[in-house]
Amino acid sequence: MSLLSYNFQGLGNTPTVEKVKALLRQTNPDIVFLIETKQYDEEWKRKIKEFGYFDGQGVAAGENRVGGLLMMWKEDISVEVKGCDLHFLDVQVKCQIVDKIGD
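Its first residue numbered 4, the sequence shown is counted upward by one per residue in the numbering used here.
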């Protein structure tokens, strides 16, 4: 499982969104966590569609262009959003262990 976490300090302009898309193409993460997105609730639906292949998402919307968190994950990843606020997302991620180190 791969995770990408990044503080983009705002996803409101096209060059930043394109930068996110390029990073997603390069790394192909299973889970993405974007910090300081500075987006409102109504802006999320369009942004998530632009990012493509993620089936699940947890959002803590920004307020007055401050804060904002977005976590997206692929369909085969089990993520449960336990709670969220302007400053945090509480999630539980479950994954299957394929190989143990040292076996």
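C-beta: ideal position from N, C-alpha, C; glycine also.
Just checking my contact of residue i with residue j at CB under 8 Å: how many whole Å lie between their CB atoms?
| i | j | result |
| --- | --- | --- |
| residue 8 | residue 33 | Incorrect: roughly 12 Å between the Cβ atoms, too far for contact. |
| residue 73 | residue 40 | 5 Å |
From residue i to residue j, what does the alpha carbon distance come to, in whole angstroms?
| i | j | result |
| --- | --- | --- |
| residue 121 | residue 98 | Coverage of the chain is limited to positions 4 through 106, which leaves residue 121 absent and any answer about it impossible. |
| residue 36 | residue 71 | 11 Å |
| residue 88 | residue 59 | 18 Å |
| residue 118 | residue 82 | Residue numbering for the chain in the displayed model covers 4 to 106; residue 118 lies beyond these limits and cannot be assessed. |
| residue 19 | residue 53 | 12 Å |
In the DSSP output, what is residue i paired with across the bridge?
| i | result |
| --- | --- |
| residue 86 | 93 |
| residue 35 | 7, 75 |
| residue 59 | 76 |
Would you say the beta carbon of residue i is closer than 8 Å to some non-hydrogen atom of the ligand PLP?
| i | result |
| --- | --- |
| residue 25 | This structure simply doesn't include the ligand PLP, nor any ligand for that matter. |
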